[in-house]
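In the working numbering, the protein residues as written are 3 to 660. Yeah, the Cβ is synthetic: ideal placement off N, Cα and C, and Gly gets one too. Quantities reported herein were computed from a predicted structural model and do not represent experimental measurements. One structure below.
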Amino acid sequence: MAPPKPRVIYWFRTDLRLHDSPALKAALDLKPECLYPLWCWDPHYVYRARVGPNRWQYLLDCQSDLSASITKLNPKSKLFVVREAPQTLLVKLFKAWRITHLVFEKDTDAYARERDEDVMKKAKDSGVEVIVKMGRTLYDPDELVKANGGKPTMSITQVQHAAEKLGEVAKPIPSPESLPDPGDITLDFEQTQPSPTPDINEIQRDENDKSYSKLAGPNGDFSVPTMSELGLKPATTQHRGGETVALRALDEIISNTTYTATFSKPETAPTAFSPQSTTLLSAHHHFGSLSVRLFYWRVMDVLKSYTKSDKTTPPTNLIGQLLFREMYFGAQAPLGYSYAQTHGNSHCRFIPWHLPSEIEPSNGLITGSYHIDAPEAGTWFHRWKWGKTGFPWIDALMRQLRQEGWIHHLGRHAVACFLTRGGCYISWERGAEVFEEWLIDHEVACNVGNWQWLSCTAFYSQFYRCYSPIAFPKKTDKHGDFVRHFVPELKDFPDKYIYEPWKAPIADQKKAGCLIKGDGEEKEGEGEGGVKIYPKPMFDFSARREICIQAMKNAYHIGLYGDHPKVKDGTWREFFDDEAEGPTEGKDAQSNGVPGKKRVKSGKEASGDKGVDQDEGEAAELGGESKGGDREEKSPVKRKRKGQGTLDGYFGGKKARK
DNA sequence: CGACGAGTTGCGCTC
DNA sequence: AGAGCGCAACTCGTC
3 MAPPKPRVIY WFRTDLRLHD SPALKAALDL KPECLYPLWC WDPHYVYRAR VGPNRWQYLL
63 DCQSDLSASI TKLNPKSKLF VVREAPQTLL VKLFKAWRIT HLVFEKDTDA YARERDEDVM
123 KKAKDSGVEV IVKMGRTLYD PDELVKANGG KPTMSITQVQ HAAEKLGEVA KPIPSPESLP
183 DPGDITLDFE QTQPSPTPDI NEIQRDENDK SYSKLAGPNG DFSVPTMSEL GLKPATTQHR
243 GGETVALRAL DEIISNTTYT ATFSKPETAP TAFSPQSTTL LSAHHHFGSL SVRLFYWRVM
303 DVLKSYTKSD KTTPPTNLIG QLLFREMYFG AQAPLGYSYA QTHGNSHCRF IPWHLPSEIE
363 PSNGLITGSY HIDAPEAGTW FHRWKWGKTG FPWIDALMRQ LRQEGWIHHL GRHAVACFLT
423 RGGCYISWER GAEVFEEWLI DHEVACNVGN WQWLSCTAFY SQFYRCYSPI AFPKKTDKHG
483 DFVRHFVPEL KDFPDKYIYE PWKAPIADQK KAGCLIKGDG EEKEGEGEGG VKIYPKPMFD
543 FSARREICIQ AMKNAYHIGL YGDHPKVKDG TWREFFDDEA EGPTEGKDAQ SNGVPGKKRV
603 KSGKEASGDK GVDQDEGEAA ELGGESKGGD REEKSPVKRK RKGQGTLDGY FGGKKARK
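The following block contains the structure:
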């Protein structure tokens with residue numbers, strides 16, 4: 003008897019496109035009798051990830067566009083959206099639709115790996131063959147890591163070397179010209195309802211959530227959900243998702259060959275907003291509505307036509323931007339869940355930030371809640387998130403982020419530096435959570451990686467380079483057009499004061515129709531005669547900057563990483579000062595000039611594979627007098643034998659021991 | 001091993 | 001007005 007003709011489910015996830023899909027090509031190569039383009043409404047996304055209305059809308063845009071494109075190729079087909087978790091749904095569909103093959107694109111995110119392992123095991127038990135192809139990145143992150151000696155890719159040099167070993171980036175695959183019919187689409191089984199608690203997205207909804215009220219949607223037609231079916235508040239962003247929009251945007255960028263060939267990220271203006279100065283393609287890459295390999299080769303084609311001196315190169319050019327994405331995927335892939343948090347992360351420095359994450363003891367994962375170790379830091383975080391810090395540049399960015407779901411890369415630097423090492427000294431995990439909620443282009447690997455970069459906990463370490471909320475935007479926007487647009491209360495302030503309005507004389511404030519007072523909690527227009535109010539700055543930036551740099555310096559010398567036993571059991575505190583006022587700004591900070599510095603009595607322990615071995619045999623010459631006068635501290639984990647005229651030289655010691 | 005230069009995107013001052 | 005340097009100082013990669 004001839005083998006049955008393949009009946010295939012193509013499971014869409016972060017690959018909402020028809021062009022350049024190695025997995026879709028593999029599905030079609032099976033010459034199936036029927037093909038079901040499927041989307042499973044994963045409760046992990048609905049209830050357990052932070053997703054604000056703007057990213058929801060963007061996802062629905064992508065799904066609607068994809069569904070329409072599928073129907074164009076085969077009027078009987080569409081994107082079949084089924085409201086159930088893949089882990090429970092797929093096995094039932096295998097049976098109901100007599101499926102022989104399940105095909106999907108590989109996903110190396112921590113949760114996705116777990117989910118896909120589960121699904122693959124169940125498929126095997128059901129006698130369904132599974133085909134997985136990589137399509138999300140230029141290189142398979144697991145292959146990239148292998149080529150990097152099995153280690154997470156932590157620098158762009160490592161990525162470039164590893165990539166060289168892997169050879170050329172795959173050439174894009176054209177979209178299919180036709181698609182097979184779907185088969186019978188009856189659903190003769192009960193829906194498995196997910197548990198909506200805890201519902202991390204509850205705050206995003208303004209009516210009853212009907213996400214799982216009926217398997218094939220309210221009309222039983224497998225439709226893409228609407229925002230109202232999901233109970234979500236309306237989106238506020240003007241940015242639209244979908245493969246059609248993405249390909250059009252790509253064409254437009256590539257047609258401007260000068261822009262494409264001479265793009266240099268550090269020189270793009272973070273204050274440009276209409277139009278913005280970068281490509282705005284990141285969200286398309288996130289949802290897969292634009293293939294990174296297509297973008298790569300289209301840019302390469304343009305670069306080929308330019309002579310060496312006329313074009314930019316990685317890491318600053320457009321290709322370089324893709325390489326950073328590869329780096330973050332290659333860092334996440336081997337680290338799994340620990341990548342997205344400090345606790346247990348072998349490659350993330352431990353810094354005693356304010357508002358630290360709460361850890362679930364049973365699995366060592368962050369819970370999404372945090373400790374308010376200092377009430378002041380709690381207030382600062384609130385004011386940062388809601389754009390009321392009193393620093394117009396920071397507030398304008400945070401309001402743009404909330405409103406539009408996108409801000410320029412350097413704007414992200416500015417607000418991230420401000421929240422962490424260059425202002426509030428608040429955990430990067432708090433900031434990453436806000437970005438996760440509000441960005442339309444949120445990609446776990448990139449978001450987490452960039453927050454670690456900016457907070458100098460991984461990837462980057464020049465913590466003394468600090469963005470000023472006043473000087474930095476002045477470079478590209480002397481008149482403050484960006485601030486005037488997103489913080490309209492300040493729109494009539496003179497240029498001179500636009501980034502530091504608290505310095506404006508009262509007469510000027512009155513003339514501009516806005517008074518600088520309060521902490522941002524007053525209602526707008528509360529002032530007499532409808533005069534507007536903008537808050538006073540929440541702290542003296544220069545003073546905070548100094549405190550933070552000193553605290554960072556100290557934490558670097560202590561040298562703990564997230565997987566250190568003392569980080570895990572909480573006894574890291576013995577290396578830092580004064581809990582009552584927060585570990586970074588204790589009383590001793592005044593007495594010795596270094597915030598949070600504590601005289602560590604003993605204890606040298608290894609932190610994972612951090613290379614402490616290089617200290618083997620080096621005598622501990624320190625702990626005594628030094629040119630610093632009163633310096634008398636030891637690091638539990640010595641980083642380096644000797645610095646180049648740095649304090650490192652004073653932190654000698656024997657090899658750390660576990 | 002050590003020295004040295006570089007590192008996608010700092011600031012503020014001088015010339 | 002734009003380039004260059006000092007600031008006080010990090011890690012990585014290469015020689």
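Restricting attention to Met122, Thr139, Ile428, the CA atom closest to the CA of Ser293 is found in Thr139. Here Val48 is actually not in contact with Glu439; their C-beta atoms are around 14 Å apart, not less than 8 Å. The three-state secondary structure of Pro39, taken from DSSP, is strand.
A distance of 9 Å or more separates the beta carbons of Gln334 and Leu367. Within the segment 63-149, the beta strand (DSSP E) runs of at least 3 residues that lie entirely inside it are, in chain order, 82-84, 103-107, 131-135.
Contact check for Asp118 against Asp127 fails: the beta carbons are separated by 9 Å or more. Within the segment 474-544, the beta strand (DSSP E) runs of at least 3 residues that lie entirely inside it are, in chain order, 516-518, 534-536. The count of Cβ pairs closer than 8 Å, one atom from the segment 484-496 and one from the segment 361-381, stays below three, leaving the stretches out of contact. Distances from the alpha-carbon of Asp303 to those of Pro272, Asn258, Gln278, Leu282 put Asn258 closest. Sorting Thr280, Asp542, Gln454 by C-alpha distance to the C-alpha of Asn319 places Thr280 at the top. Three or more Cβ pairs closer than 8 Å define a contact, and the segment 266-284 meets that threshold against the segment 406-413.
Take Phe326, set aside five residues on each side of it, and no residue of its chain has a beta-carbon closer than 6 Å to its own. When rounded, the separation of the alpha-carbon atoms in Met540 and Gly380 is 12 Å.
Pairing Ala248 with Ser307 gives a Cβ-Cβ distance that is not under 9 Å. Of all alpha-carbon atoms in Asp497, Tyr462, Ala460, the one lying nearest the alpha-carbon of Pro475 is that of Asp497. The closest CA to that of Gln511, considering only Gly522, Asp521, Tyr499, is found on Tyr499. In terms of Cα proximity to Pro45, the closest of Ser544, Ala514, Tyr214 is Tyr214.
Counting along the chain, the unbroken alpha helix (DSSP H) around Val417 starts and ends at 411-421.
By the C-beta density criterion, Ala509 is exposed, having fewer than 16 other C-beta atoms within 10 angstroms. In this structure, Glu107 lies away from Lys124, with their beta-carbon atoms at least 9 Å apart. A direct Cα-Cα distance of roughly 23 Å separates Phe393 from Pro268.
Tyr558 and Cys550 have their C-alpha atoms spaced approximately 12 Å apart. For Arg57 against Leu441, the beta-carbon gap comes to about 7 Å, under 8 Å, which counts as contact.
DSSP places Arg9 in no alpha helix (DSSP H) but in the uninterrupted beta strand (DSSP E) bounded by 9-13. Counting C-beta pairs closer than 8 Å gives three or more between the segment 77-97 and the segment 214-226, which meets the contact rule. Distance between Asp521 and Pro490, taken at the CA atoms: about 17 Å.
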